[in-house]
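A.B. asks: Residue numbers (this note's numbering), protein chains in the order written: chain A, 795 to 1322; chain B, 4 to 729. I am attaching a structure below and will ask some questions about it afterwards.
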Amino acid sequence: MSDSEKAALPQQETTAGVVAVIEIGSTGIRLVVAQVDASGAISILDRAGKPTRIGRDVFTSGLVSREAMRESMAVLLSFRELLRGYGIGPAEARVIATSALREADNRDTFVDRIALQTGFRVTVIEDIEENHLMYLAVQHALQEEWRLVSRSNAMILEVGGGSTEIMLLRRGRMAGAHSLRIGTVRVDELIRGSGSTPDFLHQFLEDNVRTACDLLDGELPLDTVKTFILVGSDARLAATRTASEHAEEYSVIPREAFVSFADEVASLSAEDCVARLRVPWSEAESLGAGLSIERLFLDRTGAEKVVVPNVSIREGLLLTAARGPDPEHQEEMRRQIVASAASLGRKFRFDEDHATQVARLSLSLYDALARDHGLGARERILLEVAALLHDIGSYIRTSGHHKHSEYLIQNSEIFGLSKGELTIVANVARYHRKQPPANTHINYIALAREDRIVVLKLAAILRVADALDRGHDQRVGEAAFERREDRLIIRADTESRPGPVDLSLERLSLAEKGDMFEDVFGIEPVLA
Amino acid sequence: MKSPYLFNRELSWLEFNARVLEEALDPSIPLLERLKFLSIVTSNFDEFFMVRVASLKAQIRSGSDIARDPSGLTPEETLAAISKRTREIVGRQYDCLLREILPGLALRGFDVVRPSGWKPQERRWLESWFSDRVAPLLTPLRVEGDETFQSAGNLRVHVAFTVRREDGGPVKEAGSIKDDDTGEGVEEAMAIVQVPPNLDRFIRLPSDEPGLRFALVDDLVRSFGARLFPGYEVRDSILFKVTRDADIGVDEDRDDDFLAAMEEVIEDRLNSYPVRLSVSSDSEALAERVRLALGLSPDDVYTLPGPIDLKSFMELAANEGTGSDPGLADLHYEPWPPVKAEELPEGTTIWDELRAHDRLLHVPYESFDPVVRFLEEAASDPAVLAIKMTLYRTSGNSPVVRALTRAARSGKLVSVLVEVKARFDEERNIAWASRLEQAGAIVIYGLARLKVHAKAALVVRREEGGAVRRYLHLSTGNYNDKTARLYGDLSIFTSNEDLCREASAFFNMVTGYSTVQELRHLAVAPFDLKARVISMIEREAQRSTAEAPGLIMAKMNALADVDVISALYRASAAGVRILLNVRGICMLVPGVKGLSENISVVSVVGRNLEHTRILFFANGGAEELYLSSADWMPRNLERRIELMFPVLDETLRKRVRDILEAYFRDSAKAHRLGPSGRWKRVEPAEGEEPFSSQAWFYESVKRRHDLEEAPPERELQVRRRPTTGA
């Protein structure tokens, strides 16, 4: 993994004291300063934000314009000054950029110029990471309520300038996470460009949201969604005007109240929004479209209330910055990543028992070989996901299904995994059978060298685990692994199964697929 | 067509000045203090004419907009009413001066002597004083056409003379003097002389007798002015003062009510049109000529039976006497030295104290020192990272600016939002502001189109364990150690994290770091303060029931926002009891059946200038109490940066509420507004002593201080049966 990816992942060391995060978004540059106490609890000290036109630039021309750069630089310099009041230097602040900059062709120039002129080091994060940070923030804001949320099905939605982030939770487990390329700034540009009427806008949004919802329905029937969680400044504005209850970190809006507010705002011009709702221009322009999109999603769910946490991606970033390696939290994240992967598997009708068995065996092997592979907790999660999904290509066709698996994984979204990580998982799945990696495999050689080694090691393990369930009937049970000099002794757990167990198929398969394992680890796997 | 629902803003202001005059009329007040009130009446009028009357006249001149104001009057009707009422007030003012104050002071050996009272030897002494010290500074201008009068400076005292040649010849030969009406060969000519403003107006006469005698420098110029025109004889002379459309020399802090209005006038300052002429009663004919030359109407002329320009009598009123003089102590108020805060226990800091509890400061009853100390400690404490504050108006040499400079020099982030629009002070302000900048502070010179009137100071400190803690001071009054001795203001010190966080957000907005953010505790004008006030009034109305009627108590300097007034009317109709204490302008009509019968309005004018803004809402038992920098005027609510902040600490709430309620108990310095617009003095109940809220404030501050200072009880309580006598 590259450094830029690591920055957003929950592996930071704890920094007690004061933390600052800055988000360069498509509509604004925003800052949060927070205090972290020894227990990791966070309290917000300060916020600031200024509108920018980065999104507008990038979604129309693909470039951040010179004016936008200058504006952004001025804002960042003023933030640097603000942070000086907390004794924080620019290098200590965590600065991320989201969809707009991610898509800008001149993003590297921009990031470099920011570093030179302001001292801030910007990390451009992946879209799916936005989901991850959002999830953290929402969970944190809802605190005790989160348990209630976990009892029913829920949707978390944020409509941003350049993208819409969606997470579906089935009884608290991640059933899907997506980043759609619908955003208020994008929509606004589209409308301006085409000179279209508001009716056209509505039709356009409706079509887009319907298509998106039809896809989501496959992961979780949307009418079973009882908790609708809405994140973002549009939602927070709606909450201040229409909420029926306000808790410390979130508000609740009755469904009808939200719908009528969204409809009312949709009928207003930006001028009226400024005058009547007392919102700044920069927000007024996107308010109508944002609320309309949110309303269309709400229509598809069975939720009676809209829950609006008073957080943003910045709080998520703060949490990752503040928490450090908290094992409990890490485990929770692992479960959600795995749940999201399983949900993807179900979508492609995988053999869940087989997938689960292979995943279990893979992890046991991984743990038994800890000293041989030298990899960490993060790679363990990648292995688990790859093991769960290695066969999903069969949905398309059994023949060559490892290649289909690779393709499907590469083009799906899994909560909590970055694009780079997804590529590793896709490669691991691809090499679960047939030919091992070769110099002619484009997708493999496109990986960074250290990532290729990860793929090799994980694929080697996955092959062995898959061989051990060749019959797809979990006959080896919870096999035990014993490392003995140059050999790995595998003992099947056949006790629990009635009658004699025939492991000949597995032995055969192991002989066929164990070659890579021997090559990579220099150990011969032997089924006892 | 007059509106029965709103009082005219200007006429309401005149009543305020009439209440100031009432203080001068009060025989229970020491003479020099009464003189001071007389001089305040004049300086209030000066500013009122420069700003309000000038703007009415400009409105008429422009002709485009002759709309009626909210009270239903046209500008012409308003001007006529102003002229009438001003004459009444000025008449009483001079009556009081000439019949009571000056004779009373003379009896106490403190004599202002006009020319008719100069003894011959005094006259000789004054004449040589004039020749030596005054005449060299004078520049007589011969009047040629009316333009000459355009040079008559705003609010400066001038003398106008008519002269003719001693030989009786036509004046024309003298050169440039000419009279349009009579053509050539006129017998008389006119000249004007400005009394130099940098001369002391009061000249102490030498005397062997005890007591003090003063002559006025303007009387000297008039009496000996003939020496300026050799070969001519002075036929006639008068003293006059022109008031012009506001331009220069307005003391903005004299009364806050004028400030933003001034700004507007200054913006489209085309020319400094004359708006008023004050003249002495020495020559009607000459007064008429001056009037015509200035293009004023007879309504604009105020003929004064005594010294003109009582404003400078302030200097005299401030006279404390010198060592050899008879004691003047009884001519002044009994002093109320500000009560000093008790020392902090050894080894504790102001931060320790503020972490433990919030703190209230009531100036001028309590000393302003804690504010200075707050900033000084912040400046010298190495743990302090940043200081942010607003400086609406302060003196360059103030301890506040010194502390900030020191803090900036020691590398702290100091950001200061200054207002340099006080015109007189502009240069001086810029000087200290750039000194601050040189020391490394970030200085923000105000915001476009919005004057920053909020008063807040925030200190950011890094404490043990790396945690950041903030300390906040929020006030209803300026960071000015001088006005803090005269203006009644409340402020709080707190380390409440919610308030500090929101204050941070406020500073982010006003220093340009951030766009406007929604806040929960603080309300900020021009963003949400007005809407918050109105919604709180409406909430009170909704919660009010016949069994438990709502209650709103509020104190401010002026009430002139029609939207807020309408909300108050609706609340009154819903049964909410509303007690208002409004020092100055009040456009709300109280006590009208079906409209405002539940509203009562009182005004307190006393020795200290009332400046606090307090708001209380019963809120169905969940009482809310706020302090604010803002008056309820459109200008404050819509065109200024103002703050309203809650008092959250229980102990402080109780104290602030007691203070607020004291105003409604006042039966010494209070007036009550009737539905007709008349203000009636509030009298103590039968057989009761008058209650003065300001006196009570001072006593309670002292009492609390004494309690804190008192040593703990030493005596032991011994338990035993009562002894019987035998």
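Just so you know, even glycine gets a beta-carbon here, dropped at the ideal spot from N, CA and C. Owing to the predicted nature of the structure, the values given are computational and were not obtained by experimental measurement.
1) Using DSSP with H/G/I as helix, E/B as strand and the rest coil, what is GLN829 (chain A)?
2) So that I know if they touch, is there some Cβ in chain A lying closer than 8 Å to that of ALA61 (chain B)?
3) Spatial neighbours of THR22 (chain B) within its chain, please: C-beta separation below 8 Å, excluding the five flanking residues on both sides.
4) For the candidate residues B:ILE568, B:LEU9, B:HIS524, whose alpha-carbon lies nearest to that of SER74 (chain B)?
5) Just to make sure I have the definition right: I need the residues of chain B whose C-beta is within less than 8 Å of the C-beta of TYR1160 (chain A). Which are they?
6) From which residue to which residue does the alpha helix (DSSP H) around HIS1198 (chain A) run?
7) Could you list the residues in the stretch 844 to 870 of chain A with a C-beta less than 9 Å from some C-beta on chain B, going in chain order?
8) ALA57 (chain B) and ASP248 (chain B): beta carbons closer than 8 Å?
9) Looking at chain A, is there any beta carbon in it that lies within less than 8 Å of the beta carbon of GLU521 (chain B)?
10) What separation, rounded to the nearest whole angstrom, lies between the Cα atoms of LEU146 (chain B) and ASP222 (chain B)?
11) Report all residues from its chain with a CB closer than 6 Å to the CB of HIS614 (chain B); omit the five preceding and five following residues, and keep chain order.
12) Ignoring anything shorter than 3 residues, give me the beta strand (DSSP E) runs that lie fully in the stretch 814 to 874 of chain A, in order along the chain.
13) For the stretch 524 to 542 of chain B, list every residue whose C-beta sits within 9 Å of some C-beta in chain A, in sequence order.
14) So for ARG27 (chain B), helix, strand or coil by DSSP?
15) Among the residues of its own chain, which have a CB less than 7 Å from the CB of GLU349 (chain B), if the five just before and after it don't count?
16) If we define contact as Cβ-Cβ less than 8 Å, is GLY879 (chain A) a contact residue for chain B?
17) Using the Cα positions of PRO213 (chain B) and THR246 (chain B), report the straight-line distance between them to the nearest angstrom.
18) Give, in chain order, every residue of the stretch 486 to 507 of chain B whose Cβ lies closer than 9 Å to some Cβ of chain E.
19) Let me confirm a value: TYR1 (chain B) is counted as buried when at least 16 other C-beta atoms fall within 10 Å, else exposed. Which label applies?
20) Between GLY811 (chain A) and LEU388 (chain B), how many whole angstroms is the CB-CB distance? I'm expecting something under 8 Å.
21) Taking only three categories from DSSP, how would you classify HIS708 (chain B)?
22) Which chain B residues sit within Cβ distance under 7 Å of GLN911 (chain A)?
23) At a CB-CB cut-off below 9 Å, which residues of chain B make contact with PRO1074 (chain A)?
24) Hey, would you say LEU1262 (chain A) sits closer than 8 Å to ILE1239 (chain A), going by beta carbons?
25) Is there contact here, the stretch 1186 to 1199 of chain A with the stretch 904 to 913 of chain A, by at least three beta-carbon pairs under 8 Å?
26) Hey, does ILE269 (chain B) have any beta-carbon neighbour from chain A nearer than 8 Å?
27) For LEU783 (chain B), which residues from the same chain have a beta carbon less than 6 Å from its beta carbon, with the 5 sequence-adjacent residues on both sides left out?
28) Which of helix, strand or coil does DSSP assign to VAL268 (chain B)?
29) Relative to the C-alpha of ALA460 (chain B), which candidate in B:GLU466, B:ALA382, B:LEU532, B:PHE217 has its C-alpha closest?
30) In terms of DSSP beta bridges, what is CYS503 (chain B) paired with?
31) If you run the structure through DSSP and keep just helix, strand and coil, what is GLY94 (chain B)?
32) Excluding the five sequence neighbours on either side, which residues of its own chain have a C-beta within less than 6 Å of the C-beta of ALA814 (chain A), listed in chain order?
33) I'd like to confirm the pairing. Which residues does DSSP put opposite PHE217 (chain B) in its beta bridges?
34) Taking the alpha-carbon of ASP993 (chain A) as reference, which of A:ALA1060, A:LEU963, A:GLU1013, A:HIS972 has the nearest alpha-carbon?
35) Give every residue of the same chain whose Cβ lies closer than 6 Å to the Cβ of VAL981 (chain A), excluding the five residues on either side of it in the sequence, and list them in chain order.
36) Quick one: complete alpha helix (DSSP H) runs, 4+ long, within the stretch 871 to 930 of chain A?
C.D. replies: With the structure as the only source:
1) Position 35 of the first sequence, counting from 1, holds the residue named residue 829 (chain A). DSSP places GLN829 (chain A) in strand when its eight states are reduced to three.
2) Here the question's residue 61 (chain B) lines up with position 58 in the second sequence. Not one chain A Cβ lies under 8 Å of ALA61 (chain B).
3) Position 19 of the second sequence, counted from the first residue, corresponds to residue 22 (chain B). Reading off the sequence, residue 22 (chain B) comes out as Arg, not Thr. Answer for ARG22 (chain B): SER606, VAL608, HIS674, TRP682, listed in chain order.
4) Start at 1 with the first residue of the second sequence, and residue 74 (chain B) comes out as number 71. Closest by alpha carbon: B:LEU9.
5) By one-based count along the first sequence, residue 1160 (chain A) stands at place 366. Neighbours of TYR1160 (chain A) on chain B: none; closest Cβ ~39 Å, over 8 Å.
6) Taking the first sequence and counting its residues from 1, one reaches residue 1198 (chain A) at position 404. First-last of the alpha helix (DSSP H) with HIS1198 (chain A): 1195 to 1204.
7) The stretch 844 to 870 of chain A vs chain B, Cβ under 9 Å: LYS844, PRO845, VAL869.
8) To locate residue 57 (chain B), count along the second sequence from 1; it is residue 54. To locate residue 248 (chain B), count along the second sequence from 1; it is residue 245. Result yes, Cβ atoms of ALA57 (chain B) and ASP248 (chain B) sit closer than 8 Å.
9) Residue 521 (chain B) sits at position 518 when you count from the first residue of the second sequence. Yes, its Cβ sits closer than 8 Å to a Cβ of chain A.
10) For the purposes of this step, residue 146 (chain B) is taken as residue 143 along the second sequence, with counting starting at 1. For the purposes of this step, residue 222 (chain B) is taken as residue 219 along the second sequence, with counting starting at 1. Looking at the sequence provided, one finds Val at residue 146 (chain B) rather than Leu. In a straight line, the C-alpha of VAL146 (chain B) is about 21 Å away from that of ASP222 (chain B).
11) Numbered from 1 along the second sequence, position 611 holds the residue referred to as residue 614 (chain B). Counting only Cβ-Cβ distances below 6 Å, and skipping sequence neighbours, we find GLY480, TYR490, GLY491, ASP492.
12) 822 to 830, 836 to 845
13) PHE530, ASP531, ALA534
14) For this step, residue 27 (chain B) is matched to residue 24 along the second sequence. The identity of residue 27 (chain B) in the sequence shown is Ala, whereas the question assumes Arg. Reduced to three states, the DSSP call for ALA27 (chain B) is helix.
15) The residue you call residue 349 (chain B) lines up with position 346 of the second sequence. Excluding positions up to five away in sequence, the list is empty.
16) Locating residue 879 (chain A) in the first sequence gives position 85, where the first residue counts as 1. GLY879 (chain A) counts as touching chain B.
17) Your numbering for residue 213 (chain B) matches position 210 in the second sequence. Your numbering for residue 246 (chain B) matches position 243 in the second sequence. The alpha-carbon atoms of PRO213 (chain B) and THR246 (chain B) are separated by roughly 39 Å.
18) Of the protein chains in this structure, namely A and B, none is chain E.
19) Because chain B here runs from 4 to 729, residue 1 (chain B) falls outside it and cannot be looked at.
20) Position 17 of the first sequence, counting from 1, holds the residue named residue 811 (chain A). Position 385 of the second sequence, counting from 1, holds the residue named residue 388 (chain B). Rounded, the Cβ-Cβ distance is 12 Å, inconsistent with contact.
21) Along the second sequence, one-based indexing puts residue 708 (chain B) at 705. Residue state, collapsed to three classes: helix.
22) Residue 911 (chain A) sits at position 117 when you count from the first residue of the first sequence. None at all; the shortest Cβ gap to chain B is about 17 Å.
23) Counting from one through the first sequence, the residue named residue 1074 (chain A) turns up at place 280. The answer, in chain order, is THR518, VAL519.
24) Taking the first residue of the first sequence as position 1, residue 1262 (chain A) is located at position 468. Taking the first residue of the first sequence as position 1, residue 1239 (chain A) is located at position 445. Not a contact, by the Cβ cut-off of 8 Å.
25) no
26) As a working note, residue 269 (chain B) is residue 266 in the second sequence. Confidence at ILE269 (chain B) is low in this model, with a pLDDT of 44, below 50, so its placement is unreliable and the value that follows should be read with caution. Not an interface residue.
27) This structure leaves residue 783 (chain B) out entirely; chain B is present only between 4 and 729.
28) Taking the first residue of the second sequence as position 1, residue 268 (chain B) is located at position 265. Because the pLDDT at VAL268 (chain B) is just 43, under 50, the model does not fix this residue reliably, and the value given afterwards should be weighed accordingly. Of the three classes helix, strand and coil, the one that applies to VAL268 (chain B) here is helix, per DSSP.
29) For the purposes of this step, residue 460 (chain B) is taken as the residue at position 457 of the second sequence. Selected option, being the one with the closest Cα: B:ALA382.
30) The residue you call residue 503 (chain B) lines up with position 500 of the second sequence. As far as DSSP is concerned, CYS503 (chain B) takes part in no beta bridge.
31) Counting from one through the second sequence, the residue named residue 94 (chain B) turns up at place 91. Helix at GLY94 (chain B).
32) Residue 814 (chain A) sits at position 20 when you count from the first residue of the first sequence. The answer, listed in chain order, is VAL827, LEU877, ILE882, ALA887.
33) For the purposes of this step, residue 217 (chain B) is taken as the residue at position 214 of the second sequence. DSSP, once it has assigned bridges, lists B:VAL115, B:ARG207 as partnering PHE217 (chain B).
34) Here the question's residue 993 (chain A) lines up with position 199 in the first sequence. Among A:ALA1060, A:LEU963, A:GLU1013, A:HIS972, the Cα nearest to that of ASP993 (chain A) belongs to A:ALA1060.
35) Residue 981 (chain A) sits at position 187 when you count from the first residue of the first sequence. Excluding positions up to five away in sequence, the list reads ALA1083.
36) 893 to 897, 901 to 912
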